[in-house]
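Peer 1: Heads up: the sequence lines are chains W and C, in that order. The first sequence runs 3 to 540 under our numbering. The second sequence runs 651 to 899 under our numbering.
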Amino acid sequence: MPGVPDTGHAASIAYNELRVGWRKLREKSLAQHIAVGLVAVLVVGMTAGVTWAAYVGGQAFVDDPGAAGDLVGLVPAGIGVFTLTMTAYLTALQLGDIDVRDGYLTTVPARDVVGGLLAAGYLRVVGMFVSPLVVASAGFAAGAGVPLAFPLAVLALGALATTAYLVGFPAGAAVAYLLGQSEFVDRYKTGLGVAAFLAYLALLFTETLDVVVAPALEATQASPVAWYADLALLTVPGAEASALRAGAVLAGSVVVASLGVLASVRVSERRWYDDTAHATPRQTDSAGGGRLDDLLGRRTAWVARKSWLRARRAPVKLVYVTYPIFVLFAPIQNSVDAGHVTATLPATVTLYAAWATGALFSLNPLGDEGAVLPVTVTSGVSGREFVGGLVAASALLGTPVTLALALALGVFGPLPPVAVACLVVAAVVLPGLAATVAAGVGASFPKYEATSITRSREAVVPSLWSFGVYTIVFLLSAGVATGVQSPAVAGALGGLLGVSETVVYVTGLAVGLLVAGGAAVLAGRNAVRTFDDYTTDG
Amino acid sequence: MTNRAIETRNLTKRYGDTTAVERLNLAIPEGSVYGFLGPNGAGKTTTMRMLATLTKPSDGTGTVAGADITDRDAVVSNLGYLPEEPPLHAELTAREQLRYVAGLRDLPESRAEERIDDLLERFSLADDADRRISAYSKGMKQKTGIIQAMLHDPDVLFLDEPTSGLDPRAARTVRDTIADLADGDATVFLSTHILPVVDELADTVGVLHDGSLVTEGPPDALKQRAETGDERTLEDVFLEVTGGIGGEA
Chain W
3 MPGVPDTGHA
13 ASIAYNELRV
23 GWRKLREKSL
33 AQHIAVGLVA
43 VLVVGMTAGV
53 TWAAYVGGQA
63 FVDDPGAAGD
73 LVGLVPAGIG
83 VFTLTMTAYL
93 TALQLGDIDV
103 RDGYLTTVPA
113 RDVVGGLLAA
123 GYLRVVGMFV
133 SPLVVASAGF
143 AAGAGVPLAF
153 PLAVLALGAL
163 ATTAYLVGFP
173 AGAAVAYLLG
183 QSEFVDRYKT
193 GLGVAAFLAY
203 LALLFTETLD
213 VVVAPALEAT
223 QASPVAWYAD
233 LALLTVPGAE
243 ASALRAGAVL
253 AGSVVVASLG
263 VLASVRVSER
273 RWYDDTAHAT
283 PRQTDSAGGG
293 RLDDLLGRRT
303 AWVARKSWLR
313 ARRAPVKLVY
323 VTYPIFVLFA
333 PIQNSVDAGH
343 VTATLPATVT
353 LYAAWATGAL
363 FSLNPLGDEG
373 AVLPVTVTSG
383 VSGREFVGGL
393 VAASALLGTP
403 VTLALALALG
413 VFGPLPPVAV
423 ACLVVAAVVL
433 PGLAATVAAG
443 VGASFPKYEA
453 TSITRSREAV
463 VPSLWSFGVY
473 TIVFLLSAGV
483 ATGVQSPAVA
493 GALGGLLGVS
503 ETVVYVTGLA
513 VGLLVAGGAA
523 VLAGRNAVRT
533 FDDYTTDG
Chain C
651 MTNRAIETRN
661 LTKRYGDTTA
671 VERLNLAIPE
681 GSVYGFLGPN
691 GAGKTTTMRM
701 LATLTKPSDG
711 TGTVAGADIT
721 DRDAVVSNLG
731 YLPEEPPLHA
741 ELTAREQLRY
751 VAGLRDLPES
761 RAEERIDDLL
771 ERFSLADDAD
781 RRISAYSKGM
791 KQKTGIIQAM
801 LHDPDVLFLD
811 EPTSGLDPRA
821 ARTVRDTIAD
831 LADGDATVFL
841 STHILPVVDE
851 LADTVGVLHD
861 GSLVTEGPPD
871 ALKQRAETGD
881 ERTLEDVFLE
891 VTGGIGGEA
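#1: Can you tell me whether DSSP reads W:PHE186 as helix, strand or coil?
#2: C:ALA829 to W:PRO326, Cα distance in whole Å?
#3: In the DSSP output, which residue or residues are listed as bridge partners for C:GLY856?
#4: Give the residues from the region 106 to 139 of chain W that approach chain C closer than 8 Å (Cβ to any Cβ), ordered along the chain.
#5: Can you find a CB in chain C that lies within less than 7 Å of the CB of W:ASP99?
#6: Give the interface partners of W:VAL26 over in chain C, defined as CB-CB distance under 7 Å, in chain order.
#7: Would you mind working out which of C:ASP780, C:THR668 and C:ALA762 sits nearest C:GLY691, comparing C-alpha positions?
#8: In terms of alpha-carbon separation, which member of C:ARG664, C:ASN675, C:TYR684 and C:THR705 lies closest to C:LEU840?
#9: Which residues of the region 699 to 719 of chain C have a Cβ closer than 7 Å to any Cβ of chain W? Give them in chain order.
#10: If I measure Cβ to Cβ from W:THR532 and keep anything under 6 Å in the same chain, skipping five residues before and after, which residues do I get?
#11: Does DSSP put W:ARG284 in a helix, in a strand, or in coil?
#12: Return the residue from the list C:ARG664, C:ARG659 and C:LYS663 that minimises the CA-CA distance to C:ILE678.
#13: Which parts of the region 59 to 96 of chain W are runs of the alpha helix (DSSP H), unbroken and 4 residues or longer, counting only runs that do not cross its ends?
#14: With distances taken Cα to Cα, identify the nearest neighbour of W:ALA166 among W:LEU236, W:LEU135, W:ALA204 and W:MET88.
#15: Going straight from the alpha carbon of W:ALA522 to that of W:LEU95, what length do you get?
#16: I believe C:LEU858 touches C:LYS694 by the beta-carbon criterion, under 8 Å. Please report the beta-carbon distance rounded to the nearest angstrom.
#17: I need the straight-line Cα distance from W:VAL383 to W:VAL530, nearest angstrom please.
#18: Could you check what DSSP says for W:PRO348 in three-state terms: helix, strand or coil?
#19: Give a yes or no on whether the C-beta atoms belonging to C:LEU863 and C:LEU809 are separated by under 7 Å.
#20: Give a yes or no on whether the C-beta atoms belonging to W:GLY105 and C:PRO737 are separated by under 7 Å.
#21: Short check: CB of C:THR662 to CB of C:ARG673, under 7 Å?
#22: Could you list which residues in chain W have their beta carbon closer than 7 Å to that of C:PRO733, in chain order?
#23: Under the three-state reduction of DSSP, which class applies to W:LEU153: helix, strand or coil?
#24: Could you tell me if W:TYR507 is buried or exposed, where buried requires 16 or more neighbouring beta carbons within 10 angstroms of its beta carbon?
#25: Name the DSSP beta bridge partners of C:SER841, please?
#26: Could you give the distance in angstroms between the alpha-carbon of W:TYR322 and the alpha-carbon of W:VAL463?
#27: Count the other C-beta atoms from every protein chain shown that fall within 10 angstroms of the C-beta of C:ILE783, then say buried if there are 16 or more, exposed otherwise.
#28: Among W:LEU168, W:ALA143 and W:PHE142, which has the Cα closest to the Cα of W:LEU125?
#29: Whose C-beta lies closer than 7 Å to the C-beta of W:THR108 among residues of the same chain, with five residues either side of it excluded?
#30: Assess contact between the region 415 to 430 of chain W and the region 474 to 489 of chain W, defined as three or more Cβ pairs (one per stretch) separated by less than 8 Å. Is contact present?
#31: Taking 8 Å as the threshold, find out whether the region 385 to 398 of chain W comes into contact with the region 295 to 311 of chain W through three or more Cβ pairs.
#32: Checking 7 Å against the spacing of the C-beta atoms, do W:ALA151 and W:ALA143 come in under that value?
#33: Determine whether the beta carbon atoms of W:THR1 and W:VAL137 lie at a separation below 7 Å.
#34: Please report whether the beta-carbon of W:SER244 lies at a distance below 7 Å from any beta-carbon of chain C.
#35: Going by other Cβ atoms of all chains shown within 10 Å of its Cβ, with 16 needed for buried, is C:PRO707 buried or exposed?
#36: Do you know how far the Cα of C:ARG772 is from the Cα of C:LEU704?
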């Protein structure tokens, strides 16, 4: 049948995708293995929890089916919406494309490649999200005391997840295609990506994510998607499940899923064979010179400019800086709930901004140079100039932002003027010190190998050791300087030490800056020496 | 069945206001080696990608082994393609990669095994065939890519810089292999900057400059200066038709 993938080829491609994925996983570092292990433990724990809840729910359902109310339709709606959105997201990001694509497309028809991707993606997405629910179905059947409910629930779950997956896949591929076609997106993708991420965080922090999700859930619940519950509960006494609706939803699944496969093929073919957007070539950045050269010296200025330029062209390599942003979740949420800036928010935001500034460009000074490193070290630039350039790149960008945040939140927050002043001083001094500390730590724990950020993008990011050691040193120094700039902490410490809060604010700042300064001197020396002494001997 | 392995008529590719390939007309007979030359950015890779169905022409038509280049399914089975960067999974061994592609090509298993062993042997890769490709040198990856491209005895082979990164012995093997292929019925479309390779192997040479074919003919004829009868090198010809030593921006 035209447009339908060859199952043999698709199975072979899917098997290879999984094999390659497994080998990539095996080759990851110990820390990454531990992270994967923790996720596995989490999934097992969640499966146990959901299964227990389903068991109790099964018992309660047979006792009083009417009490379940809207929940009966909400469960398939939730599973459907979640599977569809996650599939669309992962397809746009990763699942919808394949490594060495040109090799495949000159070997087999594109539809076979799509078939392989569908199968491999299905096992990944549905395996991850639906497996726990299959186990939970057994819990529900056991709780309800209706063994036949298990196979029917699994059938309903399989049909629902497969259908949602096969709708989500072409949707995600279409999004990726449209994004690739738009010159506007191509030109402003960095800004748009940042805006989307900030919008997501804003929804998350202000607890308004359900404003978006709830209507989708309600609409899905009112649609035939709710009929999957009829299929699952067909044999459960008192469920009033309709065999007609169960049959209809099963037949509908087959039709929608088949259309989903055909749509996946069509959309992917367009995505792969249509030319991507070619925005009007932008001018090469101006050759430099000017005030930055005067300020830093020519070579140092070039190192800084190079860091900014690379980050602008490939912002994905800086994505790790946003990882710890979730520490801001609680203070921002508290401020939103309270309707004003709470006492902990200014210090926490200042601390994070200074940390992020330090981590921006100097946390992997040698590794980040990549294949250019031998040229850099033999170019005549000194370690001092090189490290200075990286630190300047971070500090010149991060200090104004940190200062603006500290000032704004400090002024609008409940902090006494002396604490605001201390916070402002910390915001001016800490980013530069943090960047220097990061350079020293990063020079000691370099990472040269690229890490997969998405399927198609690899970037050299700092090592986990750099990340961890830098964060600890930073918290032990900068954390003291900013941590005490909160009335509650200052009050407690003042009471303990028998001094006024003002003394705690100022002394905390001084101690923190002193420790951070000392660490920065040592780290800076280490970074400069490591660069100057670099050889490929290791 | 046509006796032209590759034929294009006014094949054109535009990206916005930029024309990468302009009104390209090719007529390459079966069983020949076509040396495709041109300065960097002349449009060679774009042309190969159009012929390999990897990008759609903006205008004009083309056929490969008699199949329209807009009909991918028809072209793909007759096609072998080695892009500049060999399309290989670094996590697999060469043998796994080749077995895998043979499976996708629907080659009978026993024939595929035999052919893989034979080609690995010919390219001196047999001893390393069970090591991960990630541990290979550039040349070893290149050899694996070449084997992959010719595994199924395609009618037409597109080779983009096939001798890049190879040691002299391996480069010799590639050149001999290309000659053997052309002695059979296969047609080889060879894009390279290594002019002696083209001089040795190509039946016809085409030079692309700024997206247009600026000269075409057998190497010996191109090297013969029409007006004086003096013998030139292929490099002289290349430089002359592409604007001299300073011609490439």
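Even glycine gets a Cβ: it sits at the ideal position worked out from N, Cα and C.
Peer 2: With the given structure in hand:
#1: helix
#2: 59 Å
#3: C:PHE686 and C:GLU866.
#4: TYR106, LEU107, THR108, THR109, VAL110, PRO111, ALA112 and ASP114
#5: no
#6: Checking the displayed sequence, the identity of residue 26 of chain W turns out to be Lys instead of Val. Those within 7 Å of W:LYS26 in chain C are GLU741.
#7: C:THR668
#8: Of the candidates C:ARG664, C:ASN675, C:TYR684 and C:THR705, C:TYR684 places its Cα closest to the Cα of C:LEU840.
#9: ALA702, LEU704, THR705 and LYS706
#10: ALA445
#11: Since pLDDT at W:ARG284 reaches only 48, below the 50 mark, its modelled position is unreliable, and no value is offered.
#12: C:ARG659
#13: Those alpha helix (DSSP H) runs which fall completely within the region 59 to 96 of chain W and span 4+ residues are 73 to 92.
#14: Residue W:MET88 holds the alpha-carbon nearest to the alpha-carbon of W:ALA166 among W:LEU236, W:LEU135, W:ALA204 and W:MET88.
#15: If you draw a straight line from the Cα of W:ALA522 to the Cα of W:LEU95, it is about 39 Å long.
#16: 6 Å
#17: Those two C-alpha atoms are separated by around 11 Å.
#18: helix
#19: no
#20: yes
#21: yes
#22: The contacting residues are ASP104.
#23: The sequence shown places Pro at residue 153 of chain W, not Leu. Helix.
#24: buried
#25: C:PHE686 and C:ASP810
#26: 8 Å
#27: Buried, because 16 or more other Cβ atoms sit within 10 Å of the Cβ of C:ILE783.
#28: The candidate whose alpha carbon is nearest that of W:LEU125 is W:LEU168.
#29: none
#30: yes
#31: Touching, per the Cβ criterion.
#32: yes
#33: Since the first residue of chain W shown is 3 and the last is 540, residue 1 of chain W is not available in this structure.
#34: no
#35: buried
#36: 30 Å
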